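**Student:** One structure coming up, written as C-alpha coordinates, with questions to follow.
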Amino acid sequence: MSLRSIALLSLCVLLTACNKINQQNYSQLKAGMTKVEVEQLLGSPKECAGALGMSSCTWGDEKSFISIQYAADKVLMYSGQGLK
(Lines of atoms letter the chains of each structure in order from A and count residues from 1; the text may use other names and numbers.)
(Lines give C-alpha, C1' and ligand atoms only; values in the text may rest on other atoms or scores of the structure.)
Protein backbone atom coordinates (compact mmCIF):
# COMPACT_ATOMS: atom_id res chain seq x y z
CA MET A 1 0.00 0.00 0.00
CA SER A 2 1.38 3.39 -0.92
CA LEU A 3 1.97 6.22 1.53
CA ARG A 4 -0.74 8.23 -0.21
CA SER A 5 -3.29 5.43 0.28
CA ILE A 6 -2.41 5.13 3.95
CA ALA A 7 -2.78 8.89 4.44
CA LEU A 8 -6.18 8.91 2.71
CA LEU A 9 -7.40 5.96 4.77
CA SER A 10 -6.21 7.64 7.99
CA LEU A 11 -8.05 10.84 7.09
CA CYS A 12 -11.28 8.93 6.46
CA VAL A 13 -11.01 7.18 9.83
CA LEU A 14 -10.37 10.48 11.62
CA LEU A 15 -13.32 12.20 9.96
CA THR A 16 -15.62 9.35 10.90
CA ALA A 17 -14.38 9.37 14.48
CA CYS A 18 -15.02 13.12 14.75
CA ASN A 19 -18.71 12.80 13.84
CA LYS A 20 -20.57 13.37 17.10
CA ILE A 21 -23.98 12.67 15.57
CA ASN A 22 -24.09 8.94 16.34
CA GLN A 23 -26.04 6.34 18.31
CA GLN A 24 -23.49 6.26 21.14
CA ASN A 25 -23.85 9.98 21.87
CA TYR A 26 -27.63 9.84 21.35
CA SER A 27 -27.89 7.17 24.04
CA GLN A 28 -26.17 9.53 26.50
CA LEU A 29 -28.89 12.18 26.17
CA LYS A 30 -31.26 12.50 29.12
CA ALA A 31 -34.29 14.67 29.85
CA GLY A 32 -33.26 17.54 32.12
CA MET A 33 -29.74 17.99 30.67
CA THR A 34 -28.73 21.62 30.17
CA LYS A 35 -27.91 23.12 26.77
CA VAL A 36 -24.28 23.39 27.89
CA GLU A 37 -24.14 19.64 28.69
CA VAL A 38 -25.71 18.76 25.33
CA GLU A 39 -23.29 21.00 23.41
CA GLN A 40 -20.33 19.44 25.24
CA LEU A 41 -21.58 16.06 23.99
CA LEU A 42 -22.72 16.97 20.44
CA GLY A 43 -20.97 20.25 19.64
CA SER A 44 -22.75 23.33 18.32
CA PRO A 45 -26.14 22.73 16.68
CA LYS A 46 -26.71 23.22 12.97
CA GLU A 47 -29.75 25.37 13.72
CA CYS A 48 -31.95 26.51 16.61
CA ALA A 49 -35.28 28.31 16.81
CA GLY A 50 -37.65 29.17 19.59
CA ALA A 51 -39.59 31.67 21.66
CA LEU A 52 -41.03 32.15 25.13
CA GLY A 53 -38.57 29.87 26.91
CA MET A 54 -39.01 26.99 24.45
CA SER A 55 -36.52 26.12 21.73
CA SER A 56 -35.68 23.37 19.28
CA CYS A 57 -32.15 22.61 18.00
CA THR A 58 -30.92 20.20 15.35
CA TRP A 59 -27.52 18.55 14.76
CA GLY A 60 -26.61 16.70 11.55
CA ASP A 61 -28.24 16.68 8.13
CA GLU A 62 -31.38 15.36 6.38
CA LYS A 63 -30.21 11.71 6.51
CA SER A 64 -28.70 11.55 10.00
CA PHE A 65 -29.74 13.96 12.73
CA ILE A 66 -30.53 14.57 16.36
CA SER A 67 -33.29 17.01 17.28
CA ILE A 68 -33.73 18.33 20.83
CA GLN A 69 -36.56 20.39 22.29
CA TYR A 70 -35.71 22.55 25.31
CA ALA A 71 -37.85 24.21 27.96
CA ALA A 72 -35.97 26.85 29.99
CA ASP A 73 -32.64 25.59 28.53
CA LYS A 74 -33.19 22.03 29.76
CA VAL A 75 -33.88 18.99 27.54
CA LEU A 76 -37.60 18.25 27.39
CA MET A 77 -37.68 15.77 24.48
CA TYR A 78 -35.25 14.47 21.87
CA SER A 79 -35.28 12.28 18.79
CA GLY A 80 -32.83 10.96 16.23
CA GLN A 81 -32.85 9.41 12.78
CA GLY A 82 -30.28 7.55 10.68
CA LEU A 83 -27.79 7.20 13.53
CA LYS A 84 -25.03 4.60 13.36
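The sequence shown begins at 1 in full-length UniProt numbering and counts up one residue at a time.
By construction, the Cβ of each residue, glycine as well, lies at the ideal position given by its N, Cα and C atoms.
Computed from a predicted model, the values in this text were never measured in an experiment.
So, helix, strand or coil for Lys74, using DSSP?
**Tutor:** The count along the sequence shown starts at 1 and reaches residue 74 at position 74. Lys74: strand per DSSP, three-state reduction.
**Student:** Given that a residue counts as buried once 16 or more other Cβ atoms are within 10 Å of its Cβ, and exposed if not, what is Val13?
**Tutor:** Within the sequence shown, the letter at position 13 stands for residue 13. Reliability fails at Val13, whose pLDDT of 49 lies under 50, so the model's placement of it is uncertain and the value that follows must be treated cautiously. Per the 10 Å Cβ criterion, exposed.
**Student:** Which residue from Gly53, Leu3 and Ile68 puts its Cα closest to that of Glu39?
**Tutor:** Here residue 39 is taken as the residue at index 39 of the sequence shown, counted from 1. It is Ile68.
**Student:** Nearest-angstrom Cα distance between Phe65 and Lys46?
**Tutor:** For the purposes of this step, residue 65 is taken as the residue at position 65 of the sequence shown. For the purposes of this step, residue 46 is taken as the residue at position 46 of the sequence shown. Going by the C-alpha atoms only, they are around 10 Å apart.
**Student:** Please report the straight-line C-alpha distance between Gly60 and Gly32, rounded to a whole angstrom.
**Tutor:** As a working note, residue 60 is residue 60 in the sequence shown. As a working note, residue 32 is residue 32 in the sequence shown. Their Cα atoms are separated by approximately 22 Å.
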